[in-house]
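Participant: Residues 0 to 335 in numbering that gives the first Met the number 0 are what the sequence shown lists, from first letter to last.
Supplied in structure tokens, the structure appears directly below.
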Amino acid sequence: MGAPLYAQVTDVALYLPGTSLTTTELEDRLAGLNPGVPIPRKLIECVTGVSSRHVADADQRARDLAVTAARELLARTGHPPAALDLIIFAGVSLDAVEPATAHMVAAELGAGCAAFDVRNACNSVLNAIELADTLITARRYRTVLVVCGEVATSAIRWRVGCEQEFRAAIPSYTVSDSGAALLLEAAAVPGIMGHRFCAVPEFWPAAVMPFRRLESGGHVTGPFTVDAVGLAVAVHKLDLDVLTQPLREHGVGWDDLAAICVHQASLPSLRSFCEGAGIPLDKVVVTIAEHGNLVAATLPAQLHEAARSGRVRRGDLVALVGVASGLSAGTVLLRW
């Protein structure tokens with residue numbers, strides 16, 4: 000078998016569409032589309048902390064955002080698409096029920112390798128990293144590209160019948176569009192140090208965007224709904240000790256990390272989650288205010304920002320901490 004093989008994150012890339020939509024502009028548009036419905040100004044930013052989000056062009060699909068990020072990453076690292084062994088598309092957005100969006104990404108890139116999707120709400124990328132690490136250390140693949148493309152603003156609820164419906168739709172007003180890519184490669188020393196996940200699946204109805212069958216045939220997506228109380232109860236029931244297990248296994252704590260990337264659906268929920276999990280907020284890369292909820296691209300976006308700003312340097316320890324609808328949570332500990 001030879002010497003042990005490990006997985007390492009070679010680099011990360013992020014693509015943010017050029018069009019931005021401030022919360023004030025969003026409120027103006029809502030007011031114009033829903034005359035007679037009171038749209039309380041500044042409420043969205045007050046309860047979520049989101050001041051702006053990115054919006055993809057009308058003709059940009061999830062795969063387009065993912066491919067843009069992937070091309071930048073492959074060019075920067077000097078990896079031609081032909082050198083890839085596996086492409087994993089990980090995200091909430093998808094371009095078709097069939098086939099897997101990963102095949103569309105592979106075709107756009109000109110790659111002829113294996114390809115499949117991983118979907119677990121906002122933890123999709125985190126689980127894709129876990130899977131890529133497992134496959135690399137098992138010597139199944141040596142070079143794995145994990146990509147994500149989110150066109151989450153397509154879920155914004157622009158029509159509301161009353162103020163109560165507006166308030167219920169607030170979670171949809173936080174979302175943002177983006178593309179992200181990570182390259183994982185086989186290495187002689189550990190890059191991915193460890194990962195652990197937990198779930199309380201009985202609380203899946205607390206945050207859901209369902210498919211609805213039409214009598215005429217086919218399906219449409221229903222509105223994204225969040226039961227804030229149920230979600231808070233679910234988070235409370237998570238085994239948060241699991242989040243620190245990869246750290247404990249290596250004799251480190253949160254304070255030993257250069258940065259902690261934590262999924263962010265809103266600023267208040269981020270603070271509450273970090274307090275409950277014992278995560279020091281000053282270590283967290285906060286992106287929610289300026290970029291909105293980037294869905295499954297949130298964690299690679301934070302890693303990208305931390306690396307480009309110099310906050311994280313090669314050799315530093317970083318934790319990626321995810322919490323997602325379902326409800327699931329987990330940590331990936333890596334050495335950058």
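Every residue gets a Cβ at the ideal spot worked out from N, C-alpha and C, and that includes glycine.
Mapping the DSSP letters down to three states, classify R25 as helix, strand or coil.
Facilitator: Walking along the sequence shown from the start, residue 25 turns up at place 26. For the record, residue 25 in the displayed sequence is Leu; it is not Arg. It is helical.
Participant: Bridge partners of Y351, per DSSP?
Facilitator: Nothing in the structure corresponds to residue 351, since the chain is present only between 0 and 335.
Participant: List the whole-angstrom C-beta distance separating A151 from A68, where the pair is believed to meet the contact cut-off of C-beta under 8 Å.
Facilitator: On the sequence shown, position 152 is the one that residue 151 refers to. On the sequence shown, position 69 is the one that residue 68 refers to. That pair is no contact at about 15 Å.
Participant: Locate the beta strand (DSSP E) running through T330, then write down its first and last residues.
Facilitator: The count along the sequence shown starts at 1 and reaches residue 330 at position 331. Note, T330: beta strand (DSSP E), S327 to R334.
Participant: Based on the DSSP secondary-structure assignment, which residues constitute the bridge partners of T18?
Facilitator: For the purposes of this step, residue 18 is taken as residue 19 along the sequence shown, with counting starting at 1. Answer is V54.
Participant: Between which two residues does the beta strand (DSSP E) holding H218 run?
Facilitator: In the sequence shown, counting from the first residue as 1, residue 218 sits at position 219. Here the beta strand (DSSP E) through H218 covers H218 to T220.
Participant: Write down the C-beta distance between I259 and A318 rounded to the nearest angstrom, noting that I regard them as a contact closer than 8 Å.
Facilitator: Locating residue 259 in the sequence shown gives position 260, counting from the first residue. Locating residue 318 in the sequence shown gives position 319, counting from the first residue. The Cβ separation is near 5 Å, so the contact holds.
Participant: Of the residues L230, M192 and P204, which one's Cα is nearest the Cα of Q7?
Facilitator: Here residue 7 refers to the residue found at position 8 of the sequence shown. Closest option to Q7, Cα to Cα, is M192.
Participant: E107 and V294: beta carbons closer than 8 Å?
Facilitator: If you number the sequence shown from 1, residue 107 lands on position 108. If you number the sequence shown from 1, residue 294 lands on position 295. Not closer than 8 Å, so no.
Participant: Sort I278, T173, A305 and G111 by Cα distance to S50 and report the nearest one.
Facilitator: For the purposes of this step, residue 50 is taken as residue 51 along the sequence shown, with counting starting at 1. Cα-wise, what sits closest to S50 is T173.
Participant: Which one of V219, V199, P267 and L242 has the shortest CA to CA distance from V234?
Facilitator: Sequence index remark: in the sequence shown, residue 234 carries index 235 (1-based). Of V219, V199, P267 and L242, the residue nearest in Cα terms is V199.
Participant: DSSP on L134, reduced to helix/strand/coil?
Facilitator: Position 135 of the sequence shown, counted from the start, is the residue given in the question as residue 134. Residue state, collapsed to three classes: helix.
Participant: Closest Cβ-Cβ distance between H53 and chain C: below 8 Å?
Facilitator: Going by chain labels, chain C is absent from the structure shown, which holds only one protein chain.
Participant: Residues bridged to Y5 by DSSP?
Facilitator: If you number the sequence shown from 1, residue 5 lands on position 6. Paired residue(s): A186.
Participant: Given a threshold of 16 other Cβ atoms within 10 Å of its Cβ, counted over all protein chains shown, does D254 qualify as buried or as exposed?
Facilitator: Walking along the sequence shown from the start, residue 254 turns up at place 255. By the neighbour-count rule (16 or more Cβ atoms within 10 Å), D254 is not buried but exposed.
Participant: Looking at the structure shown, is M208 part of a helix, part of a strand, or coil, going by DSSP?
Facilitator: Walking along the sequence shown from the start, residue 208 turns up at place 209. In the structure shown, M208 sits in coil (DSSP, three-state: anything other than H, G, I, E or B).
Participant: Pop quiz: F115 and I87 are said to be a contact at Cβ under 8 Å. What is the actual Cβ separation, rounded to whole angstroms?
Facilitator: By one-based count along the sequence shown, residue 115 stands at place 116. By one-based count along the sequence shown, residue 87 stands at place 88. That pair is a contact at about 6 Å.
Participant: For P299, is the classification buried or exposed, using 16 other Cβ atoms within 10 angstroms of its Cβ as the cut-off for buried?
Facilitator: Locating residue 299 in the sequence shown gives position 300, counting from the first residue. Buried, by the Cβ-count rule.
Participant: Which same chain residues end up closer than 6 Å to P189 when comparing Cβ atoms and leaving out the 5 residues on each side of it in sequence?
Facilitator: Taking the first residue of the sequence shown as position 1, residue 189 is located at position 190. Counting only Cβ-Cβ distances below 6 Å, and skipping sequence neighbours, we find Y5.
Participant: Using the rule of at least 16 other Cβ atoms within 10 Å of the residue's Cβ for burial, across every protein chain shown, is A137 buried or exposed?
Facilitator: By one-based count along the sequence shown, residue 137 stands at place 138. That one is exposed.
Participant: For the alpha helix (DSSP H) holding F202, just list the boundary residues, first then last.
Facilitator: Within the sequence shown, numbered from 1, the residue matching residue 202 stands at position 203. Here F202 belongs to no alpha helix (DSSP H), and DSSP marks it neither H nor E.
Participant: Quick check on DSSP: helix, strand or coil for I87?
Facilitator: Taking the sequence shown and counting its residues from 1, the one referred to as residue 87 is at position 88. Looking at I87 - three-state DSSP - the assignment turns out to be strand.
Participant: Out of L73, A154, T21 and F202, point me to the one whose CA is closest to I287's CA.
Facilitator: Here residue 287 refers to the residue found at position 288 when the sequence shown is read from its first residue. Checking every option, the nearest Cα to that of I287 belongs to T21.
Participant: Do L266 and V320 have their CB atoms nearer than 8 Å?
Facilitator: Taking the first residue of the sequence shown as 1, we reach residue 266 at position 267. Taking the first residue of the sequence shown as 1, we reach residue 320 at position 321. The answer is no: Cβ separation not under 8 Å.
Participant: Considering only residues of the same chain and omitting the five flanking positions on each side of A276, which have a CB-CB separation below 7 Å?
Facilitator: For the purposes of this step, residue 276 is taken as residue 277 along the sequence shown, with counting starting at 1. Excluding positions up to five away in sequence, the list reads L239 and L242.
Participant: Please go through the same chain and pick out, in chain order, the residues whose beta-carbon is closer than 8 Å to the beta-carbon of L230, but skip the five residues on each side of it.
Facilitator: Residue numbering aside, residue 230 sits at position 231 when the sequence shown is read from its first letter. Hits under 8 Å: F202, A205, A206 and L326.
Participant: Quick one: give me the first and last residue of the alpha helix (DSSP H) that D63 is part of.
Facilitator: Here residue 63 corresponds to residue number 64 of the sequence shown, with the count starting at 1. Element bounds for D63: A61 to T76.
Participant: Nearest by alpha-carbon distance to V36: which of V285, L332 and E26 is it?
Facilitator: Residue numbering aside, residue 36 sits at position 37 when the sequence shown is read from its first letter. Closest by alpha carbon: E26.
Participant: Could you check whether A323 and A357 sit closer than 8 Å to each other, using their CB atoms as the reference points?
Facilitator: The shown model of the chain, from 0 to 335, leaves out residue 357, and the question about it has no answer.
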